[in-house]
Structure formats: C-alpha cells, structure tokens
Amino acid sequence: LAEEAFGVIRDAMRSEGKIALGRVVLSTRERLLALEPRDRGILAYSLRTRGEVRASREVFGAISDQAPDPAMVEIARRIIEQKAGPFDPDQFIDRYEEALKALIAAKQKGKAPVRAAEPEDTNVIDLMAALRASLEGGAAPRRRGGGK
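Going by this note's numbering, the first residue of the sequence shown is number 1, and it counts up by one from there.
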C-alpha cells in the first residue's frame with residue numbers, strides 16, 4: 001500500500017514537472033528539502049534558507065580583483081590535469097567514523113583515549129616553487145611558521 005502511494009505521488013509530480021518542498025531533521029537541525037522524482041524513486045536535496053544565503057560581495061568582497069600570474073595558473077592547470085581521473089568513492093573513507101570506531105574499540109579493551117598531536121603550522125615560502133614541485137611530484141618547499 002505504501003509503495004503504491006509513493007509511486008502515485010512520484011508519477012503525478014513527474015507528469016506535472018513539479019518538485020515538492022519538505023522538512024526533515026538532520027542531526028539536531030530542521031532542514032528544508034526539495035524532493036524531485038527520479039527514475040523509480042524521489043531524490044531529496046537539502047536547500048538553504050534565506051538566512052544561510054549571503055550576497056557574493058559580502059563573502060568575496062575582500063578578495064583582490066588583480067588577476068593571478070598567468071604562468072602560475074598554467075602550472076596549476078597542468079597539475080589539475082595530471083591529478084584528474086574518474087571518481088571512485090571507495091578511495092575515500094569517513095575519517096571521523098573510523099576514528100570513532102577505533103576509540104570505542106580501545107575503550108572496550110580498557111585503554112585510555114590518546115589525544116592526537118596538533119599538526120605543525122607550515123607556510124609555503126614561494127607559491128611558484130610549490131606549484132613546480134607539485135607538478136614534478138616533489139615536496140613543496142616549506143618553512144615553519146606561526147600563523148596564516
């Protein structure tokens with residue numbers, strides 16, 4: 001019965017060329033959704049409310065209008081070209097979930113949690129050198145620094 005009702009609503013939305021709006025609680029927050037008929041199902045897209053949408057000038061206004069060095073852009077473009085490939089979701093893990101599972105397993109064995117060391121701050125000395133090193137597969141020259 002539920003599957004039939006789902007199919008009726010999905011097909012009616014599709015025939016009218018409409019999407020539906022709905023709400024769902026994710027984590028501890030209510031989210032606005034757009035529901036779109038797709039194949040044999042309905043896809044849900046999380047939408048932003050007016051308060052979450054900001055004008056681009058508000059967000060990017062402090063960024064200079066000066067164009068970057070064309071040689072650097074070309075090197076960066078070549079790096080992107082080298083690194084590009086098909087997306088394989090199996091190459092990515094949820095690091096938070098893995099760390100949480102490891103923490104739970106350690107606690108079950110009676111071990112105290114180990115705090116991860118804070119990463120050292122590093123600053124790239126020369127962007128062009130870093131781009132070239134990346135293009136050649138080497139490490140970028142870095143120096144220890146205290147901030148960004």
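Note that beta-carbon positions come from the ideal geometry of N, C-alpha and C, so glycine has one too.
Output the boundary residues of the alpha helix (DSSP H) element that contains Pro68. Along the sequence shown, read from residue 1 onward, the residue named residue 68 stands at position 68. For Pro68, there is no enclosing alpha helix (DSSP H), as DSSP gives it neither H nor E.
Leu21 versus Thr49: straight-line alpha-carbon distance, rounded: By 1-based counting over the sequence shown, the position of residue 21 is 21. By 1-based counting over the sequence shown, the position of residue 49 is 49. Cα-Cα distance, rounded: 12 Å.
Quick one: give me the first and last residue of the beta strand (DSSP E) that Ile42 is part of. As a working mapping, residue 42 is identified with position 42 in the sequence shown. It spans Gly41 to Leu47 - the beta strand (DSSP E) in which Ile42 sits, taken as one unbroken run.
Got a sec, what are the start and stop residues for the alpha helix (DSSP H) Ala20 sits in? Counted from its first residue, the sequence shown places residue 20 at position 20. Ala20 -> not in any alpha helix (DSSP H); beta strand (DSSP E) instead, spanning Ala20 to Leu26.
Might you give, ordered along the chain, the residues of its own chain that have their beta carbon closer than 6 Å to the beta carbon of Gly147, omitting 5 neighbours on each side? To locate residue 147, count along the sequence shown from 1; it is residue 147. At Gly147 the pLDDT is 47, less than 50, meaning the model places this residue with poor confidence and gives no usable figure here.
Assigned secondary structure, Leu100 (DSSP; H/G/I helix, E/B strand, else coil): If you number the sequence shown from 1, residue 100 lands on position 100. Helix.
Can you tell me whether Glu30 is helix, strand or coil according to DSSP? To locate residue 30, count along the sequence shown from 1; it is residue 30. The answer is strand: DSSP assigns Glu30 an E or B state.
Using a Cβ-Cβ cut-off of 8 Å (strictly less than) and excluding sequence neighbours within five positions of Arg143, which residues of its own chain qualify? Here residue 143 refers to the residue found at position 143 when the sequence shown is read from its first residue. Confidence in Arg143 is poor, its pLDDT being 46 and thus under 50, which makes the residue's placement too unreliable to answer from.
Going by DSSP, name the residue or residues bridged to Leu35. Your numbering for residue 35 matches position 35 in the sequence shown. Paired residues: Ala20 and Ala44.
Could you compute how far the alpha carbon of Arg38 sits from the alpha carbon of Ser46? Stepping through the sequence shown from its first residue, residue 38 is reached at position 38. Stepping through the sequence shown from its first residue, residue 46 is reached at position 46. If you draw a straight line from the Cα of Arg38 to the Cα of Ser46, it comes to about 16 Å.
Own chain, CB closer than 6 Å to Pro141, minus 5 neighbours either side, in chain order: Taking the sequence shown and counting its residues from 1, the one referred to as residue 141 is at position 141. Residue placement at Pro141 is flagged as unreliable, the pLDDT there being 48, under the threshold of 50; the coordinate-derived value follows with that caveat. Closer than 6 Å at Cβ, skipping near neighbours: Ile125 and Ala129.
If the criterion is Cβ atoms closer than 8 Å, does the pair Leu26 and Ile79 meet it? Taking the first residue of the sequence shown as 1, we reach residue 26 at position 26. Taking the first residue of the sequence shown as 1, we reach residue 79 at position 79. No, these two residues do not count as a Cβ contact at 8 Å.
What does the alpha-carbon distance come out to for the pair Ala116 and Gly17? Counting from one through the sequence shown, the residue named residue 116 turns up at place 116. Counting from one through the sequence shown, the residue named residue 17 turns up at place 17. Cα-Cα distance, rounded: 51 Å.
Alpha carbons only, please: which of Asp94, Gly7 and Pro113 is nearest the one belonging to Leu103? Locating residue 103 in the sequence shown gives position 103, counting from the first residue. It is Pro113 whose Cα lies nearest to the Cα of Leu103.
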